[in-house]
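What follows is one structure encoded as structure tokens, with my remarks underneath.
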Amino acid sequence: MHPVYMDHAATTRLSEGALQAMLPYLREEFGNPSAIYSYGQTAKNAVEKSRDRVARAIGALRSEIFFTSGGTESDNWIIRSAARTKPGRHFITTAMEHNAVLRTMEQLKEDGYEITCLRPDREGHIGPEQLEAAIRPDTVLVSVMLANNVVGTILDIRPLAAAARRHHVLFHTDAVQAVGHVPLNVRSLGVDFLSLSAHKFCGPKGVGAVFCRLPNKLIPLLTGGGQEKERRSGTENVPGIVGMAEALEEAVGSLPETVPYLTDLQERLIAGVTVLPGVTLTGDPQNRLPGFCSFVIGGIGHSALLVNALNEQGYCVSSGSACSAASREASHVLLALGYDEYAASASLRITLGRENTRAEVDGVIEAIGAAVARLRREQRKPPFAR
Ligand code: PLP
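Numbering (the numbering used here), first residue to last: 1 to 386.
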């Protein structure tokens with residue numbers, strides 16, 4: 001039997017539609033989009049059509065979409081571009097961002113920039129007044145994620161983006177976890193930049209995009225052949241871009257069915273796990289990504305023990321974000337939310353996808369109950385999450 005996959009915030013299976021859309025561009029239509037003969041033009045048309053589809057799915061113009069190798073590159077590109085195109089020495093972000101944002105900010109700090117890291121509240125929210133108090137005359141950019149990848153909270157970034165705009169400060173949102181999972185429109189959010197990544201919404205890995213309302217604020221980080229209107233050189237990942245556009249259209253088009261389906265599974269799982277003593281749901285109980293379940297579980301030692309125990313039972317779940325899963329450090333996100341080291345190293349993240357069923361949810365609830373009881377016996381620790 002195949003293991004049951006329940007880690008959709010880490011990555012997702014390529015959809016059948018995306019696979020079929022990509023296949024011709026891997027073999028028959030293999031042309032380089034920069035070439036002027038027919039193979040090249042077919043590939044170029046596919047890239048431009050995909051740009052249009054990605055733009056429409058998030059309410060943008062096609063001239064505002066630039067393709068990248070994924071979320072990490074998109075975040076890096078936007079932040080580093082802002083530093084080079086807008087005067088000022090100050091950046092604002094939050095302590096619960098993905099490392100693609102945090103580590104980039106850390107590098108800017110080494111280059112002499114000052115970084116203010118806003119502290120979210122216990123559920124993962126940032127208030128507009130909190131942001132406004134941090135904005136300075138020399139602030140270049142504010143970067144606040146749309147949905148958190150460890151606790152699943154969906155942030156209300158609209159008032160944050162409005163506050164930044166009032167002060168003539170650029171605003172970026174890392175929407176890697178949100179795009180394709182919740183309805184989203186860049187205009188109504190009011191953001192200047194947004195990052196997205198295909199493998200989080202059943203598209204291929206290694207491809208993503210930047211939405212940029214002000215394309216003159218994007219400077220080339222990769223120089224060379226001048227692709228992407230001289231802004232991002234390198235022969236385009238044609239199959240990846242085509243697969244991303246197809247997957248995004250599918251994901252956005254099926255939101256009316258997937259959101260209630262995943263919300264039902266999510267409520268079932270959260271109810272089934274939080275009846276155990278010493279278990280706390282992390283993040284915002286209401287405003288959370290559909291299918292996203294995250295807990296701290298007292299008395300189990302490190303969360304890797306629970307993840308391993310569930311793996312042995314045939315369930316693929318996560319201790320937190322995929323990038324830090326192998327490390328035994330406490331989650332920086334949970335620490336930022338005010339959990340102590342003990343709780344922040346005992347987290348469990350189960351992120352459901354449209355391929356999961358109620359029977360699988362019931363199965364994992366039972367497996368968690370048994371594994372937690374066993375680990376607590378072994379650890380002899382009190383079952384209290386602090
Ligand atoms: N930002 C967030 C919030 C993420 O969850 C991730 C991936 O986990 C990334 C950025 C990085 O995206 P990619 O894996 O496409 O580089």
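Glycine is no exception: its CB is placed at the ideal position from the N, C-alpha and C atoms.
Keep in mind it's a predicted model, so treat the numbers as computed, not measured.
Discussion item. Could you tell me which whole beta strand (DSSP E) segments of length 3 or greater appear in the segment 323-378?
Written reply: Entirely contained in the segment 323-378, the beta strand (DSSP E) runs reaching 3 residues are, in chain order, 347-351.
Practice prompt. Could you tell me the distance, in whole angstroms, from the CA atom of proline 159 to the CA atom of histidine 125?
Written response: A straight line joining the alpha-carbon of proline 159 with that of histidine 125 spans about 12 Å.
Fill in: Limits of the alpha helix (DSSP H) - the one that serine 143 falls within
Membership of serine 143 in any alpha helix (DSSP H) is not indicated; the residue belongs instead to the beta strand (DSSP E) covering 139-143.
Worksheet item: Between the segment 262-282 and the segment 359-367, are three or more C-beta pairs nearer than 8 Å?
Response: Verdict: yes, contact present.
Worksheet item: According to DSSP, which residues form a beta bridge with phenylalanine 295?
Response: Answer by DSSP bridge pairing, in chain order: Leu281 and Leu348.
Worksheet item: Hey, is the segment 139-149 in contact with the segment 174-182, meaning 3+ C-beta pairs nearer than 8 Å?
Response: At 8 Å Cβ cutoff, the stretches touch.
Worksheet item: Using a C-beta cutoff of 8 Å, does glutamine 130 count as contacting chain C?
Response: You won't find chain C in this structure, because it holds only one protein chain.
Worksheet item: Any heavy atom of ligand 1 within a distance shorter than 7 Å of the CB on valine 176?
Response: Answer for valine 176: yes, Cβ within range of ligand 1.
Discussion item. Quick check on glutamate 97: does DSSP put it in helix, strand or coil?
Written reply: Glutamate 97 falls in the coil class under three-state DSSP.
Discussion item. Measuring only the C-alpha atoms, how far is glycine 224 from serine 233?
Written reply: Rounded to the nearest whole angstrom, the CA to CA distance from glycine 224 to serine 233 is 5 Å.
Worksheet item: Would you say alanine 370 touches ligand 1, meaning its beta carbon is less than 7 Å from a heavy atom?
Response: Shortest gap from the CB of alanine 370 to any heavy atom of ligand 1: 7 Å or more.
Worksheet item: Between the C-alpha atoms of isoleucine 154 and arginine 136, what's the straight-line distance to the nearest angstrom?
Response: If you take the alpha carbons of isoleucine 154 and arginine 136, they lie about 26 Å apart.
Item to complete: Would you list the residues sitting across from cysteine 202 in a DSSP beta bridge?
Response: The partner list for cysteine 202 (beta bridge, DSSP) is empty, contrary to what the question assumes.
Fill in: Delimiting residues of the alpha helix (DSSP H) encompassing leucine 42
In the sequence as displayed, the identity of residue 42 is threonine instead of leucine. Judged by DSSP secondary structure, threonine 42 falls within the alpha helix (DSSP H) whose first and last residues are 38-57.
Practice prompt. With a threshold of 7 Å, establish whether the CB of threonine 72 neighbours any heavy atom of ligand 1.
Written response: Yes, Cβ of threonine 72 sits closer than 7 Å to a heavy atom of ligand 1.
Fill in: Close-in-space but distant-in-sequence residues of the same chain around threonine 11 (CB under 6 Å, 5 per side omitted)
The answer, listed in chain order, is His199.
Worksheet entry | Any non-hydrogen atom of ligand 2 within 7 Å of glycine 320 CB | In terms of ligand content, the structure shown lacks ligand 2 and carries ligand 1 instead.
Discussion item. Given this structure, state the Cα-to-Cα distance separating leucine 19 from asparagine 308, to the nearest angstrom.
Written reply: A straight-line Cα-Cα distance of about 31 Å links leucine 19 and asparagine 308.
Item to complete: Can you give me the Cβ contacts of valine 238 inside the same chain, cut-off strictly under 7 Å, excluding the 5 residues immediately before and after it?
Response: Taken in chain order, the residues that qualify are Tyr25, Pro33, Ala43, Ala46 and Val47.
Discussion item. Given a cut-off of 8 Å on the beta-carbon distance, is the pair glycine 31 and glutamate 246 in contact?
Written reply: Cβ distance not < 8 Å, so glycine 31 and glutamate 246 don't count as in contact.
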